[in-house]
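Let me begin by presenting the structure, written as structure tokens, before commenting on it.
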Amino acid sequence: MDLVFSLPNRLSQRPPKTDSQNTLSEWLCYIHNDVNQKIGKSIFDCHRVNERWRDGWNDGSCD
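Numbering-wise (our numbering), the sequence shown opens with residue 1366 and increments by one.
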């Protein structure tokens, strides 16, 4: 499985969404999840991407 060479295919199937920081962050998360799914890793809830990497968890925890 060659993940590097499949990126152009992913980009053509799911072009970047750049209209806002939120949509770009979610798009990057979906691409990351595509790779994780292919290699058997868990996926992340992309609707929570800003809570995880920008704002911090709503409950105040560190991770």
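Ideal placement from N, C-alpha and C gives every residue a C-beta, glycine not left out.
Residue environment, residue i, which counts as buried when at least 16 other CB atoms sit within 10 Å
i: Cys1394; result: buried
Same chain, Cβ closer than 7 Å to residue i, five either side skipped, listed in chain order
i: Asp1424; result: none
i: Asn1401; result: Ser1407 and Ile1408
i: Lys1382; result: Thr1388, Leu1389 and Trp1392
i: Phe1415; result: Per the sequence shown, residue 1415 should be read as Asn rather than Phe. Same-chain partners within the cutoff: Asn1387 and Ser1390.
i: Gln1340; result: With the chain covering 1366 to 1428 only, the question about residue 1340 has no answer from this structure.
Rounded C-alpha distance that separates residue i from residue j
i: Asp1410; j: Asp1420; result: 15 Å
i: Asp1399; j: Asp1384; result: 21 Å
**Contiguous alpha helix (DSSP H) assignments of at least 4 residues, all confined to the segment 1383-1427** = 1386-1403
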